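>
Residue numbers (UniProt numbering): 1 to 112.
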């Protein structure tokens, strides 16, 4: 059976670019995390319903990491990227004032 070529999907292409831009930033504001990818994304979705006015249209990045101290399963983290530590701190403080929870973390494998 011949393989069919997939037609480029502009929505998916644009979404991938937004996620890449968020992941390429040196700092991240973590809004959700867990060992189950779907549950981490559901946590993020619930946070967005309450925090959309604070977060706006910033796209998240989904990071999957292996932390040996936590076992052998992938640990998923949903973050909003920031260019500087003060910008990440400011966003996290606004999230906290709005009743949300967050962490500011340096994104790995980013120079700068």
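C-beta: ideal position from N, C-alpha, C; glycine also. Treat the numbers as computed from the prediction; the structure is a model and nothing was measured.
(1) Would you check if there are 3 or more beta carbon pairs closer than 8 Å linking the segment 92–111 to the segment 38–45?
(2) Please go through the segment 30–82 and give each complete beta strand (DSSP E) segment of 3 or more residues, from N-terminal end onward.
(3) Please say whether residue 28 and residue 80 have beta carbons closer to each other than 8 Å?
(4) On the three-state DSSP scale, how would you describe residue 106?
(5) Going by C-alpha distance, which of 100, 57, 36 and 25 is nearest residue 65?
(6) Starting from residue 86, trace the alpha helix (DSSP H) both ways and give me its first and last residue.
According to the structure data:
(1) As far as the Cβ criterion goes, the segment 92–111 does not touch the segment 38–45, which means the pair count is below three.
(2) Correct list: 60–66 and 74–82.
(3) yes
(4) If DSSP states are grouped into helix, strand and coil, residue 106 belongs with the strands.
(5) 36
(6) For residue 86, the enclosing alpha helix (DSSP H) covers residues 85–97.
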